[in-house]
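To start, the structure itself, in structure tokens.
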Amino acid sequence: MGQVDAAEVRATARRLMGGFSVEVTPRETAKLADAVRVLAPGAPVYVTYLGNVTFDRVLAAAREVRDVGLRPVVHLAVRAFPDMAAIDRTLGRLLDAGVTDILLIAGSIPVPTGRIESTLQVLESPCLQRREFASIGVAGHPEGNPGVDQATVDHALARKNKVAAEFGLPLHVVTQFCFSAEPIVGWERRTRDAGNNLPVHVGLPGLTSPAKLLKFGLSCGIGPSLAVLRKQSGNVFKLATQVYRPADTVADLARAVAADPESLISAVHYFPFGAVVPTATWATAISDGRFEIDARGALVTAED
């Protein structure tokens with residue numbers, strides 16, 4: 070890996086952001102009327118499926134995403150399902166509703182409600198193998214998965230690669246959100262050296278308050294990135310008033326990917342934490358090339 074110039078960083082940032090995605094909760098779909106004005110037609114919008122809403126509401130939200138010309142990607146927390154038959158029915162309902170993209174996660178339920186403990190049970194079952202989904206996301210954890218040892222996490226990723234190759238499943242990895250490129254880049258290289266072949270979509274926070282990000286970062290168990298956010302945020306007053314923009318992280322990611330042609334990092338996924346429209350607007354500016362790389366190597370948009 071060698072040095073890269075500003076033009077290479079700029080081109081790589083645009084490429085990574087060209088297929089960026091954002092996510093919304095079913096309660097936030099009203100914001101899509103404004104977001105669709107800045108998002109590209111067919112842009113992927115992830116729809117969360119948490120325990121405080123019904124699947125019918127999630128499905129309705131996915132239809133709303135599709136109806137405004139965007140591409141819904143529905144979260145499925147497999148531990149919330151009582152059995153594989155329920156997952157099978159749900160996958161069928163998604164396809165019937167025109168949803169062809171999903172994100173499979175285990176979910177944060179400490180004791181599964183049924184017999185399903187991990188996404189691998191679903192990936193290795195006939196439920197997915199007999200259906201045609203356009204894309205299937207699985208979780209990646211550059212800074213570790215709270216409550217799960219690293220060897221188990223690594224073994225699970227290896228099995229997901231095996232399933233993807235054996236059954237032709239269109240898998241990609243969506244990472245937990247991070248505030249720093251360093252743990253993401255290091256994790257991608259390590260997992261690639263260990264045999265990972267799945268494309269990596271890097272999770273980043275959207276344009277929201279650092280105070281809110283600190284709260285979610287602590288609950289998600291991310292470590293090195295959190296120290297970066299604290300350093301960038303400064304004092305408590307700034308935490309409460311400023312808006313965090315992941316410009317430095319995007320620039321550092323682009324620099325690392327440009328210097329490593331074998332990198333599997335291929336896209337960016339944003340966790341807006343409610344700031345759907347500001348995040349989509351900022352990310353689209355980068356995707357469209359409306360930014361510069363300054364003398365410090367930082368990414369600067371008109372909004373900064």
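For the sequence shown, this note's numbering begins at 70 and goes up steadily by one. Even glycine gets a Cβ: it sits at the ideal position worked out from N, Cα and C.
A Cβ-Cβ separation of about 5 Å places V269 in contact with I334 under the 8 Å criterion. L119 places its beta carbon 8 Å or farther from that of L145. By alpha-carbon distance to F89, the top candidate from T350, D363 and V369 is T350. For the pair A166 and R140, the CB atoms are not nearer than the 8 Å cut-off.
Contact check between the segment 316-332 and the segment 220-227: fewer than three CB pairs, one atom from each, fall below 8 Å, which does not count as touching.
Within the model, the alpha-carbon separation for L164 versus I362 is close to 42 Å. Per DSSP, the beta bridge partners of E361 are V369. Counting along the chain, P274 sits inside the beta strand (DSSP E) bounded by residues V269 to P274.
R140 is bridged by DSSP to P113. The segment 247-259 makes contact with the segment 197-214: 3 or more CB pairs, one atom from each, lie closer than 8 Å. Under the three-state reduction of DSSP output, G237 falls in the coil class, being neither helix nor strand. Of all alpha-carbon atoms in F342, T94, G264 and G87, the one lying nearest the alpha-carbon of Y313 is that of F342. With contacts defined as CB atoms closer than 8 Å, V107 and V134 fail to qualify as a contacting pair. If you draw a straight line from the Cα of D317 to the Cα of E186, it comes to about 37 Å. Between F150 and Q198, the C-beta spacing is not below 8 Å. Within 10 angstroms of the beta-carbon of N265 lie 16 or more other beta-carbons, which makes it buried. Here the alpha carbons of R200 and A80 stand approximately 36 Å from one another.
Classified as buried, E257 has 16 or more neighbouring CB atoms from the shown chains inside 10 Å of its CB. I185: not part of any beta strand (DSSP E); DSSP gives it neither H nor E. Counted as a single uninterrupted DSSP element, the beta strand (DSSP E) harbouring E92 occupies residues S90 to V93. According to the DSSP assignment, D103 belongs to the alpha helix (DSSP H) that extends over L101 to A104.
The beta carbon of R162 lies closer than 7 Å to those of L128 in the same chain, with the five residues before and after it left out.
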